[in-house]
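Structure first, then comments.
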Amino acid sequence: MSNRNWWGVLAVVCALALAVVAAAPARAQMSEVKEKPPMYSYVGSWTIPRAQWGEMEKRDATTEKMMEKAMSGGTIVGYGSDVNLIHTPDGSTHDNWWSAMSMAGVLNVLDQAYKSGGAVAPVLSSATKHSDGLYVSRYYNWHAGSWKDLYTRVAVYELKPNAPNDAVEMLSKTVFVPMLEKLLADGAIHEYEVDVEAIHTEAPGTFSVDVIAANAEGLDKFNAAVQELGKSSPLTGPAIGSMVDFSQHRDYLSRTNATYK
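When you line the sequence shown up against the numbering used here, it's residues -8 to 252, in that order.
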């Protein structure tokens, strides 16, 4: 089954879960998964010429020192870098990111990066494209630790204009979090989060499900969990397509170095 079909199965299951929620008291159905305090994440993405990829790796190693200091001081709770594995003509090749429990924490580290000259490093000047994103998540969890050469899978969706205001909340509580918590407990993944934009630079209603797998086998376990979710529920009921515009769906896969407190 292709990745597109896996997420198609998940979409139907989401619709069924929402139907169950609608048919029973919402408080009883959603009591197991609770919204967490907001976690903010900054992501700086770059399109770096292939000849400069080695220099980008050296620059990431230098940036880690600043991030380690920010984490030990309690400013951030996680940081890392990604190298894109599935390239597109207009897509980025590398990114750096960090997360904090306040927007101030994220922005204070960004300010440090600018003042230290890290934002104008020579290798970044070679970039042909650059973009930034600031996101917020209320559904997330992770293992504490530091890892190299993990895999990050990001699935990006866009809600339709007529979708319920709490659509992301309902999907997170009834489908995403229960499945991802099991994978986290099994060690297949080290982190997950359901993100929306804190500063909107894309279409309203955009959200993403981000998973950091422990290894390539962890990705297989994630895909198997999505398939099992489909098999364990009858494929009937309203389609989640009534809420999500699947023509805008995109997937991203990266190699990741990550540290979480």
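Where a beta carbon is used, it is the ideal one built from N, C-alpha and C, also for glycine. Only a predicted model underlies this, so the values are computations on that prediction, with no experimental measurement involved.
Under the DSSP assignment, Ser116 falls outside any beta strand (DSSP E), being part of the alpha helix (DSSP H) whose first and last residues are Pro113 to Ser116. In the DSSP assignment, Ile180 is bridged to Ala204. At least 8 Å separates the beta-carbon of Tyr142 from that of Val185. With fewer than 16 other Cβ atoms from the protein chains shown falling within 10 Å of its own Cβ, Leu76 counts as exposed.
DSSP places Met62 in the uninterrupted alpha helix (DSSP H) bounded by Trp44 to Ser63. Below 8 Å, too few C-beta pairs join the stretch 51 to 65 and the stretch 202 to 217 to call them touching: fewer than three. Here Gly35 carries a strand assignment [DSSP, helix/strand/coil].
CA-to-CA, the gap between Ser122 and Phe167 works out to about 28 Å.
In this model, Val111 and Arg50 are separated by some 11 Å (Cα to Cα).
Nearest C-alpha to Arg241 among Glu149, Ser36, Glu23 and Met94: Glu149. Excluding sequence positions up to five before and after Lys173, its CB lies less than 6 Å from no other CB in the same chain. For the set Leu210, Ser128, Val217 and Asn87, the Cα lying nearest the Cα of Ala179 is the one of Leu210. When only Cα atoms are considered, Ala104 and Lys56 end up about 11 Å apart.
Between Thr53 and Thr119, the alpha-carbon positions lie close to 22 Å from each other. Around the beta carbon of Ala215, fewer than 16 other beta carbons sit within 10 angstroms, so the residue counts as exposed. Per DSSP, reduced to three states, the secondary structure at Glu160 is helical. Burial check for Ile39: the Cβ neighbour count within 10 Å reaches 16 or more, so the residue is buried.
With respect to the C-alpha of Arg246, the residue from Val217, His78, Gly124 and Ala194 having the closest C-alpha is His78.
In the three-state reduction of the DSSP assignment, Ser233 falls in the helix class, which pools H, G and I.
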